[in-house]
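J.: Have a look at the structure that comes next, please.
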Amino acid sequence: MAGDQGSAQPAAGMQVSWIAYAAILIVGFLSLFSLYMGFINYGDNTDIAIIFIFLGAAGFAAIGYMLFRGKPVATAKDDTLTIKKVEVYTTLECPKCQQKRVRDFKRGDYVFKDDEPCTRCDGLMVITKIARKKEEEDKKKKEESSWL
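What the sequence shown shows, in the working numbering, is residues 200 to 347, in sequence order.
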């Protein structure tokens, strides 16, 4: 029985969107009615009319906030949901013989860390630089902007 109840109900995101649209519709009707009452009563009772007009304007401001605060719904095919893997490299330098070596980044690397023994002089190589590998897109952007 418990499995049947879950399959019969629509998705939670769908319920929220219908509730939000219903709330916007109700607030819109109440705001229009409040503005109508404010303009009708403006000549007879100015104090109450100002309150009605203020409530109507506040209702329309709330509708505008509800409509424009929402993020657009992204699909699974959208590129914004995919996380691009960035290739990071580490530059090691020996302080004694000035030999440089570039290798892939390893977890725990940080700048000025004494990491590996030098292959030339048996001293410890120090990490001097950690950077990401430039992609072809970065090169294309530079080429497009360089013609200006």
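Beta carbons are placed, not taken as given, at the ideal position from N, Cα and C, and that holds for glycine.
With burial defined as no fewer than 16 other Cβ atoms inside 10 Å of the residue's Cβ, what is the status of cysteine 296: buried or exposed?
T.: Classification of cysteine 296: exposed, given that the 10 Å Cβ count is below 16.
J.: Rounded to the nearest angstrom, what separates isoleucine 262 and alanine 219 at their Cα positions?
T.: 10 Å
J.: Look at valine 226 and glycine 255 and say whether their C-beta atoms are less than 7 Å apart.
T.: Cβ distance not < 7 Å, so valine 226 and glycine 255 don't count as in contact.
J.: Do phenylalanine 251 and serine 230 come within 7 Å of each other at the CB atom, strictly closer than that value?
T.: no
J.: For a test of the three-state rule: what should DSSP assign to threonine 318, helix, strand or coil?
T.: coil
J.: What's the C-alpha gap between valine 310 and arginine 268?
T.: 42 Å
J.: Mind checking which residues open and close the beta strand (DSSP E) that includes arginine 300?
T.: If you look at arginine 300, you'll find it in the beta strand (DSSP E) that goes 299–303.
J.: Are there 16 or more other CB atoms within 10 angstroms of the CB of glycine 237, so buried, or fewer, so exposed?
T.: buried
J.: Given a threshold of 16 other Cβ atoms within 10 Å of its Cβ, counted over all protein chains shown, does isoleucine 326 qualify as buried or as exposed?
T.: With 16 or more other Cβ atoms inside 10 Å of its own Cβ, isoleucine 326 counts as buried.
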